[in-house]
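Just so we're aligned, residue 63 is where the sequence shown starts under the numbering used here, counting upward by one.
Worksheet: one structure, shown below.
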Amino acid sequence: MTLSLPQSDVEAAERLAFLAAEIARHAALYHTDDAPEISDADYDALIRQNAALEAAFPHLVRADSPSERVGAAPAAHLAKVAHARAMMSLDNAFADEDVAEFLARVRRFLALPEDAPIALTAEPKIDGLSCSLRYERGRLVQALTRGDGTIGEDVTANVRTIAGIPQQLTGDVPELFEVRGEIYMAKADFAALNARLLAEAEEPEKARQFANPRNAAAGSLRQKDAGVTASRPLKFLAHGWGEASAVPADTQLGLMHAIRDWGLPVSDLLIRVDGLDAALAHYRAIEGSRAELPFDIDGVVYKVDRLDLQARLGSVARAPRWAIAHKFPAERAQTTLKAIDIQVGRTGKLTPVARLEPVGVGGVIVTNATLHNADEIARLGVRPGDRVVLQRAGDVIPQIVENLTRDTPRDPWHFPEACPECGSAAEREPGEVDWRCSGGLICPAQRVERLRHFVSRHALDIEGLGLKQIEDFFRDGLIASPADIFRLNEEQLRARKKDGRVWAANLVAAIDAKRTPPLDRFLFALGIRHVGEVTARDLARRYGSWAAFRAMVDRALEVRAGIARALAESDDKLLARTAKELAAVVETPGVGPEVALALVDFFAEPHNQEALAALLDQCRPADLVFAAKASEVSGKTLVFTGSLETLSRDEAKAQAESLGARVAGSVSAKTDLIIAGPGAGSKLKKAAELGISVIDEAAWQAIVAAAQ
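Here's what the structure looks like:
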């Protein structure tokens with residue numbers, strides 16, 4: 063499918079803001095909560111959309127771009143530890159041409175001839191949980207999950223219970239060496255675990271069942287009680303390394319063989335291949351034997367074999383340039399669509415969900431699938447009773463991709479015109495694909511979801527106050543708005559549990575601890591449409607304090623008066639112009655007219671004003687504190703021009719970006735510094751006209767060295 067690019071900077075900035083927020087949300091669901099909502103293929107599609115937009119609009123690349131981020135924040139119940147070396151993610155290839163382009167990029171970066179041979183290693187990409195094992199003098203001293211790539215979760219006690227991970231390495235092991243790999247659960251062990259959990263449950267219908275081996279492995283490793291981890295059949299497979307006092311090989315394959323010799327498991331399918339054809343042949347061989355492998359895999363990973371070339375290639379913000387994951391196509395199966403149910407989200411969005419005859423797809427029994435929206439249902443022409451094709455590209459609820467009985471005579475299915483939760487009218491805004499409940503704050507589903515969102519991990523993150531407690535408190539009339547949460551007291555709570563005095567005291571203390579949340583978390587917690595984590599962070603960085611933010615909102619509310627007139631007169635041009643004026647008042651990168659309009663609409667709604675006033679009596683957001691600059695060129699815009707003698711243009715750009723600078727292709731009034739080599743030409747003339755500082759390559763290398 064070809065991505066239709068926006069026609070203006072405003073549209074592109076809005077889309078990039080949306081993608082940043084949506085990708086961050088799904089990354090947290092996958093990496094932190096072990097509860098993904100979309101398939102790997104859908105997630106990868108979002109990443110590709112973001113990359114295409116950034117390539118087309120490089121001047122709009124956001125500071126919190128998904129291309130700069132790995133994984134998600136560590137879980138709250140595990141200790142957080144900084145990685146000595148970042149645990150990076152991998153870029154993905156989805157077709158043979160993508161692999162060919164990867165090799166071409168490697169050659170271009172290294173300034174090698176087009177036909178220069180590049181040796182690669184190739185190995186299966188296991189669908190597990192990334193883990194780093196730190197050995198000192200051969201003894202295991204620490205184990206960390208990936209976390210967000212910079213900070214991981216300390217799972218040392220749990221990892222010590224995994225039989226395949228040695229506590230002491232053997233042989234000539236460096237003084238310090240971090241082995242990195244995947245914690246996983248074999249298919250047979252996964253099936254046996256689910257069977258055991260079912261047999262041990264007092265009420266089988268309520269038995270805990272894992273959806274797939276990846277979720278089972280992640281949930282088993284990240285337990286508070288290491289004894290639970292010990293009871294689960296976890297395994298480990300090494301695929302790389304992190305910090306090391308010495309590297310006893312000069313190739314990827316040689317080092318992996320050394321790791322195997324020390325006593326750690328390494329894939330038997332890891333080989334070295336020479337060139338594209340050999341790499342693709344190994345990919346086909348592994349793909350053909352995928353079903354017979356004892357563990358789940360979702361692709362093949364290629365890595366440049368020579369370590370000196372890996373060092374030269376380096377990395378971008380989230381991924382090394384010397385490696386890529388070649389993903390397998392999605393798995394498919396056929397089943398019968400039994401019913402279409404409607405779920406109501408916290409913003410009132412009505413989401414259709416297909417209820418299916420159970421079917422196995424990629425080792426997982428599937429009973430539900432997403433139908434996305436009314437347009438998708440119309441496109442597929444699905445109705446209860448149809449025979450459908452499912453596609454599963456990961457460990458999540460799959461999607462229906464084909465209707466096999468579309469031409470069978472049967473009444474069409476109509477999207478409901480009323481909310482199934484409160485009976486309010488369902489509405490579809492012009493230009494949107496989603497239907498929404500118009501009940502707003504009176505809709506029980508939305509009120510509970512809004513409260514749940516308010517206390518969620520990435521909002522106020524109130525420990526001990528989860529979905530069950532929110533639902534119970536709402537049902538019993540203890541809370542109806544966010545302000546009510548801060549009014550809860552121990553006397554109300556302690557009677558709700560047997561011996562509940564300690565629980566009540568702990569919960570009230572956890573609530574009190576959140577009375578001065580960071581400004582960005584507070585804004586995100588409000589549940590404003592289109593204002594996700596990323597946009598909330600942008601707004602907080604732009605204004606720094608609640609007072610400054612609120613002053614901007616008041617100015618925008620004055621402009622908003624033109625919206626009512628535009629709607630009354632059905633004047634689309636006036637509406638668009640007023641929305642752009644609102645975006646100009648908000649004056650925040652990434653916040654376009656659509657987001658600005660939703661933001662101001664929220665503060666204009668009387669019920670929201672009342673609820674917000676009550677909340678601010680109980681909870682006051684803290685001012686944002688900014689971090690110091692990382693180097694003398696952090697935050698500056700640089701231009702490289704002329705011929706660089708000691709490194710390629712790509713390497714120079716990578717150096718600049720690693721120091722926090724932005725590299726532009728042309729000189730403008732926004733340029734802060736020019737690095738010029740021989741043959742710089744007209745750019746030097748323009749720099750002189752604009753009074754921009756110019757240095758040579760040697761001076762640039764001195765800046766780089768000073769920052770090391």
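The beta-carbon is built from N, C-alpha and C at its ideal position, and this holds for glycine as well.
message = With H, G and I counted as helix, E and B as strand and the rest as coil, what does DSSP make of Lys297?
response = In this structure, Lys297 counts as strand in the three-state DSSP scheme.
| field | Backbone secondary structure at Leu65 - three-state DSSP | value | Note on Leu65: pLDDT 48, under 50, position unreliable in the model; the coordinate value appears next. Of the three classes helix, strand and coil, the one that applies to Leu65 here is coil, per DSSP.
**Three-way DSSP call (helix, strand, coil) for Phe390 in this model** = Taken through DSSP and simplified to helix, strand or coil, Phe390 comes out as coil.
**Asked** What are the boundary residues of the alpha helix (DSSP H) that includes Phe535?
**Response** Residue range 529-537 is occupied by the alpha helix (DSSP H) that includes Phe535.
Exercise. If I'm right that Leu548 touches Gln671 with Cβ under 8 Å, what's the distance once you round it to whole angstroms?
Key: For clarity, residue 548 is Phe in the given sequence; the question names Leu instead. Taking a contact as a CB-CB distance under 8 Å, the pair Phe548 and Gln671 does not count as one, their CB atoms being some 18 Å apart.
Do the CB positions of Leu700 and Val729 come within less than 8 Å of each other?
Contact check for Leu700 against Val729 fails: the beta carbons are separated by 8 Å or more.
Review point. Hey, out of Ala157, Val378, Asp473, whose CA is closest to Leu342's CA?
Key: The shortest Cα separation from Leu342 among Ala157, Val378, Asp473 belongs to Ala157.
Beta-carbon contacts of Pro327 that lie in its chain and below 7 Å, excluding the five residues immediately before and after: Excluding positions up to five away in sequence, the list reads Gly226, Phe298, Leu299, Ala300.
Fill in: Element boundaries [alpha helix (DSSP H), containing Glu759]
The continuous alpha helix (DSSP H) containing Glu759 extends over residues 759-769.
Please report the Cβ distance between Arg514 and Ile532, rounded to the nearest whole angstrom; I am assuming they are in contact, meaning their Cβ atoms lie under 8 Å. Yes, they are in contact, since the Cβ atoms of Arg514 and Ile532 sit about 5 Å apart, within 8 Å.
Q. Given a threshold of 16 other Cβ atoms within 10 Å of its Cβ, counted over all protein chains shown, does Glu163 qualify as buried or as exposed?
A. Looking at its Cβ environment, which holds fewer than 16 other Cβ atoms inside 10 Å, Glu163 is exposed.
Less than 8 Å separating the beta-carbons of Ile188 and Ile333? For Ile188 and Ile333, no; Cβs fall outside 8 Å.
Spatially closest choice to Ala436 from Pro478, Pro471, Asp758, by CA coordinates: Nearest C-alpha to Ala436: Pro478.
| DSSP three-state call for Asn256: helix, strand or coil? | Asn256: helix per DSSP, three-state reduction.
Point to revise | Cβ pair Ala769, Leu721 closer than 8 Å | key: Taking 8 Å as the Cβ cut-off, Ala769 and Leu721 qualify as a contacting pair.
In three-state DSSP terms, what is Pro186? Under the three-state reduction of DSSP output, Pro186 falls in the strand class.
Am I right that Arg656 and Glu76 are in contact with their C-beta atoms under 8 Å? What's the rounded C-beta distance?
The displayed chain sequence assigns Glu, not Arg, to residue 656. 6 Å between Cβ atoms; contact.
- Got a sec: does the ligand FAD put a non-hydrogen atom nearer than 7 Å to the Cβ of Glu672? The model on display carries no ligand, and the ligand FAD is accordingly not part of it.
| field | For Glu240 and Ala545, the rounded distance between their alpha carbons | value | Spanning the two alpha carbons is a distance of roughly 47 Å.
**Prompt:** Would you call the CB atoms of Leu366 and Val168 closer than 8 Å?
**Reply:** Here the sequence assigns Val to residue 366, which means Leu is not the residue at that position. Contact: yes.
Check your understanding: What number of angstroms, rounded off, separates the C-alpha of Leu140 from the C-alpha of Glu354?
Key -> Distance from the CA atom of Leu140 to the CA atom of Glu354, rounded to whole angstroms, is 35 Å.
Report task. In the DSSP assignment, find the beta strand (DSSP E) that holds Thr703 and state where it starts and stops. Result -> Looking at the DSSP string, the run of the beta strand (DSSP E) that includes Thr703 is 699-703.
Straight-line CA distance for Val221 to Trp565?
The alpha-carbon separation between Val221 and Trp565 amounts to approximately 30 Å.
Per DSSP, the bridge partner or partners of Arg498:
Bridge partners of Arg498: Lys411, Glu489.
### Query
So Lys142 is in the beta strand (DSSP E); what residue range does that whole segment cover?
Taken as a continuous stretch (DSSP letters only), the beta strand (DSSP E) holding Lys142 covers 142-144.
- Between which two residues does the alpha helix (DSSP H) harbouring Ile547 extend? Run containing Ile547: 544-547, per the alpha helix (DSSP H) assignment.
Where do the ends of the beta strand (DSSP E) carrying Asn465 lie? Membership of Asn465 in the beta strand (DSSP E) is indicated by the continuous run 461-465.
(request) Output the boundary residues of the beta strand (DSSP E) element that contains Gln204. (result) Looking at the DSSP string, the run of the beta strand (DSSP E) that includes Gln204 is 201-207.
query: What do you reckon, are the CB atoms on Gly422 and Pro179 nearer than 8 Å?
result: Contact flag unset, no.
DSSP-derived helix/strand/coil call for Ser720:
DSSP places Ser720 within a helical segment (H, G or I) once states are collapsed to three.
*asked:* Comparing C-alpha positions only, which one of Gly243, Pro391, Gln204, Glu198 sits nearest to Leu231?
replied: For Leu231, the nearest C-alpha among the options comes from Glu198.
Review point. According to DSSP, which residues form a beta bridge with Phe239?
Key: Looking at the DSSP output, Phe239 sits in a beta bridge with Tyr197, Ala306.
Item checked: Start and end residues, beta strand (DSSP E) containing Ala521 -> From DSSP, Ala521 is part of no beta strand (DSSP E); its letter is neither H nor E.
task: For Gln111, name the three-state secondary structure that DSSP assigns.
output: The three-state secondary structure of Gln111, taken from DSSP, is helix.
So, under 8 Å CB-CB, Leu601 and Leu585 are touching, yes? Tell me the CB distance rounded to an integer number of Å. In this structure Leu601 touches Leu585 by the C-beta definition: roughly 6 Å separates them, less than 8 Å.
Under the three-state DSSP convention, the category Glu215 falls into: If DSSP states are grouped into helix, strand and coil, Glu215 belongs with the strands.
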